[in-house]
């Protein structure tokens, strides 16, 4: 279903709340992978508040759509999305990273409701997503699998093993995103280990590539609709994003891959989000 | 094609002409009929591991991912998450080492129901050299939480282990050889149970604890020692390395006070180390030796020559037992309760 103006307005408001929660979670946690958490907010908000067939009251419902956050360090960005979608209370995030908390930096599927797959070690998620998609197809289930990769993560050889398999097995009930924020821990992706020509690489592996603005709901939505309705081969949506998006002093800054913020800095971050 | 004869209770395999892997492949085919949730995966080793037999019978439920083990174990984790029961087969070296992080993080951490049947364990692919040996896998797999580790004595026990793991939740690693190993069991009617060692011969003088190919060799050695030396040798088939049957070890410790372990694995971290842990924590004294690959990369050769070279064959076991029996514990003043 094409996205409506009203949906975009509501998603924008939800994303704003999620960004505030990511900032608070970073404060509570004592530090978090905030940059990459903020860059994927539109992708995650669109999935969780428009596309996914899920029921927060039944997190293990067999017919639900599955999500694999392959860039598992996005945990502090992911958990607030799940809280806002109703999988658990937002207050539970106050324990993030603390002793015996169910929430660590990389979310554990056996502990956190709504998390389908444990991730954190890069290069694992797409393989598991291919397995989920093959499992759904074999069991004649209609549920879809969504996978979100990081761009730096695509340095991992196993990503390309999985890509080869997705194309070989003609997996079309899987929709993959890359959060292309162009930064990794040590610097720019193109300086540390270049992934370009990125779209061509995916095409060569048998994917249909959609390159979109990763903060534009209409563009993301059109790409997802195409993947769901028309694609005969696997689709990857390369979402061009800004690391740290929404917090002006974090945007495109390598140092905000992982960082701590005190209450003063948090106030600045919150007001930046409010200014939009 | 594998040969099989249908018996009265269990399917009895022509174990003299079938390899461990062939029996495994046949059993998986049989189980595939009853369990539509079983899926098979391999990484271009469908023929060598014999999981290809399952693939021939159930092509829609079989995924050959090509030469990409990391991806294979990740896909297996996803298939398990979707509600299916994956059996994954490649060589032990590529399961325990090449695909290890996926085995640990994707499968064991999430406690997924994935069964890994690893072939070419130990030095069973002797002539292939170190790249295709795997004398580290038991140590590696024992260190993974949630993992169950089984080393069957032969093809018949492999069949029993594969059957048993169907209803046994969680990740299971079953390590078998390349095949062509002589068989020990005649049929599956001996009560295989995961985590429960089999005392294949009782004895009071000394205990030999074995797994895999060494079980048959130790059993033969025990017969020779009884006939020629009059020794009462207890032989234990410790087919499950984890969870370990500690009770049977403590019983042997108390009743025989001499224990030797034999394994086709590095002497560090395998069966010997597992047994040593139990002995050390018991607080009881014991003459103990572990025999295996002495912390080196194995020389090249056919497996039967390698087992002789590393003292894992029947004759070497006889000699080792005589050596340990010949020790005079009375010289040790602190040894007061020698049986």
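Residue numbers (the working numbering), protein chains in the order written: chain A, 959 to 1234; chain B, 5 to 343. Glycine residues also receive a C-beta, built at the ideal position from the N, C-alpha and C atoms.
query, result
"Start and end residues, alpha helix (DSSP H) containing residue 260 (chain B)", "250-260"
"Within chain A, the residues that residue 109 (chain B) reaches when beta carbons sit closer than 8 Å", "1076, 1078, 1079 and 1082"
"In DSSP terms, what residue 279 (chain B) is bridged to", "Paired residue(s): none; residue 279 (chain B) is not in a bridge."
"Alpha-carbon spacing of residue 1132 (chain A) relative to residue 211 (chain B), whole angstroms", "55 Å"
"Cβ-based contacts, 7 Å cut-off: residues of the stretch 1101-1121 of chain A near chain B", "1116, 1119 and 1120"
"DSSP bridge partner residues for residue 1104 (chain A) (one or two, in chain order)", "A:1025 and A:1133"
"Chain-ordered residues of the stretch 1052-1067 of chain A with a beta carbon less than 7 Å from chain B", "1067"
"Inter-residue Cα distance where the pair is residue 9 (chain B) and residue 30 (chain B)", "Residue placement at residue 9 (chain B) is poorly supported in this model, since its pLDDT is 40, which falls under 50; the coordinates are not used for a value here."
"Stretch-stretch touch, CB-based, cutoff 8 Å, three pairs: the stretch 1005-1015 of chain A with the stretch 1059-1067 of chain A", "no"
"Best match in B:91, B:22, B:71 and B:49 for proximity to residue 32 (chain B) [C-alpha to C-alpha]", "B:91"
"Contact under 8 Å by Cβ, residue 70 (chain B) with residue 48 (chain B)", "yes"
"Check whether residue 126 (chain B) and residue 269 (chain B) have beta carbons under 8 Å apart", "yes"
"Start-end ranges of the alpha helix (DSSP H) lying completely within the stretch 1017-1084 of chain A, minimum 4 residues", "1033-1043"
"Close-in-space but distant-in-sequence residues of the same chain around residue 1217 (chain A) (CB under 7 Å, 5 per side omitted)", "989 and 992"
"Proximity test, Cβ basis, 8 Å: residue 1088 (chain A) and chain B", "yes"
"Three-way DSSP call (helix, strand, coil) for residue 94 (chain B) in this model", "coil"
"Straight-line Cα distance separating residue 219 (chain B) from residue 1043 (chain A)", "57 Å"
"Interface flag, residue 85 (chain B) vs chain A, CB-CB below 8 Å", "yes"
"CB of residue 279 (chain B) within 8 Å of CB of residue 243 (chain B), strictly", "no"
"Cβ-Cβ separation, residue 52 (chain B) to residue 123 (chain B) (assumed contact under 8 Å), whole Å", "7 Å"
"Exposed unless 16 or more other CB atoms sit within 10 angstroms - verdict on residue 1229 (chain A)", "exposed"
"Cutoff 8 Å: residue 42 (chain B) Cβ touching any chain A Cβ", "no"
"Residue 1082 (chain A) burial status per 10 Å Cβ neighbour count (16 or more: buried)", "buried"
"Within-8 Å CB hit, residue 1093 (chain A) to chain B", "yes"
"Presumed contact (8 Å Cβ cut-off) between residue 976 (chain A) and residue 1003 (chain A), rounded CB distance", "6 Å"
"Close beta carbons around residue 178 (chain B), own chain, < 6 Å, minus the five adjacent residues each side", "121, 154 and 165"
"Inter-stretch contact (C-beta, 8 Å, three-pair minimum) for the stretch 138-158 of chain B and the stretch 231-240 of chain B", "no"
"Chain A within 8 Å of residue 64 (chain B), Cβ atoms only", "yes"
"Whole-angstrom distance between residue 171 (chain B) and residue 962 (chain A), CA atom to CA atom", "50 Å"
"Alpha-carbon spacing of residue 291 (chain B) relative to residue 324 (chain B), whole angstroms", "12 Å"
"CB of residue 1084 (chain A) within 8 Å of CB of residue 1120 (chain A), strictly", "yes"
"For residue 1224 (chain A), the three-state DSSP class (helix, strand or coil)", "helix"
"Start and end residues, alpha helix (DSSP H) containing residue 212 (chain B)", "Element bounds for residue 212 (chain B): not the alpha helix (DSSP H) but the beta strand (DSSP E), 210-214."
"Cβ pair residue 1107 (chain A), residue 1212 (chain A) closer than 8 Å", "no"
"Per-residue contacts from residue 75 (chain B) into chain A (C-beta, under 7 Å)", "1085, 1116, 1119, 1120 and 1123"
"Beta-bridge partners of residue 202 (chain B), as assigned by DSSP", "B:241"
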